[in-house]
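Trainee: The opening residue of the sequence shown carries number 3 in the working numbering; numbering runs sequentially from there.
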Amino acid sequence: MGRSRRGSRSAVQDNEVLQLPKTLEAKDYAALGAFRYAMRRFLRFSKDLVAARAKLTPEQYEALLAIKSSPGANGVTVGEVSERLQVRHHTAVSLLDRLEARKLAVRKRTNSDKRTVNVQLTKAGASLLARLAAIHRHELQQRSPEIINALRRIM
Numbered sequence: 003m004g005r006s007r008r009g010s011r012s013a014v015q016d017n018e019v020l021q022l023p024k025t026l027e028a029k030d031y032a033a034l035g036a037f038r039y040a041m042r043r044f045l046r047f048s049k050d051l052v053a054a055r056a057k058l059t060p061e062q063y064e065a066l067l068a069i070k071s072s073p074g075a076n077g078v079t080v081g082e083v084s085e086r087l088q089v090r091h092h093t094a095v096s097l098l099d100r101l102e103a104r105k106l107a108v109r110k111r112t113n114s115d116k117r118t119v120n121v122q123l124t125k126a127g128a129s130l131l132a133r134l135a136a137i138h139r140h141e142l143q144q145r146s147p148e149i150i151n152a153l154r155r156i157m
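1. With 16 other CB atoms within 10 Å as the buried threshold, where does serine 129 fall?
2. Using beta-carbon positions only, say whether isoleucine 137 and leucine 51 come within less than 9 Å of one another.
3. Can you say whether tyrosine 31 is buried or exposed, counting buried as having 16 or more other CB atoms within 10 angstroms of its CB?
4. On the three-state DSSP scale, how would you describe glutamine 21?
5. Using CA atoms only, rank isn't needed, just tell me which of Leu67, Thr79, Asn76, Arg104 is closest to leucine 131.
6. Between the stretch 93-108 and the stretch 73-83, can you find at least three pairs of beta-carbon atoms closer than 8 Å?
7. Please report the straight-line C-alpha distance between methionine 157 and lysine 29, rounded to a whole angstrom.
8. What number of angstroms, rounded off, separates the C-alpha of leucine 101 from the C-alpha of glycine 35?
9. Can the beta-carbon of glutamine 122 be found closer than 9 Å to that of lysine 105?
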């Protein structure tokens, strides 16, 4: 697993090493704004989609996606969900409680270490995620020229 949210350093923390320019030009602000706007439009689409089609929050959808995208055959740990969503452990637990209540995910203790809890999608969770992810993928394919162009302006 990668470094935890609290253990990772950001570019802001490494500012003294990176030697960032003191000022940005108007084109830099425009490029950053264009990228944020493109991302915000996609995130708004996603939020509306998961609410309308599945009565999920964006974080619940992201948790389903984090569980499914894990390479492990036994699912993911609660800590891995926390890391993937960049939330605190107790927030991940709360999200998983709601997914379990809807029978979209299930937690199981491992045989080798009873302190470790793995999370897996149920058939209903996998089916719902498959439908939502297909729509998201299509939307990203449609929006990718705008997002890529915005990123190129930053580079």
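We put the beta carbon where it would ideally sit given N, CA and C, even for glycine.
Since we're looking at a predicted model, the values are computed, not measured.
Mentor: Here's the rundown:
1. Within a 10 Å sphere around the beta-carbon of serine 129 sit fewer than 16 other beta-carbons, which makes this residue exposed.
2. With contacts defined by Cβ atoms closer than 9 Å, isoleucine 137 and leucine 51 form a contacting pair.
3. Tyrosine 31 should be labelled exposed.
4. DSSP, reduced to helix, strand and coil, places glutamine 21 outside both helices and strands of the structure shown, so it counts as coil.
5. Per the C-alpha coordinates, the member of Leu67, Thr79, Asn76, Arg104 positioned closest to leucine 131 is Leu67.
6. Contact between the stretch 73-83 and the stretch 93-108 is present: 3 or more CB-CB pairs across the two stretches fall below 8 Å.
7. Approximately 12 Å, taken between the alpha carbons.
8. Going from the Cα of leucine 101 to the Cα of glycine 35 covers about 34 Å.
9. No; because the gap between Cβ atoms is not below 9 Å, this pair is not in contact.
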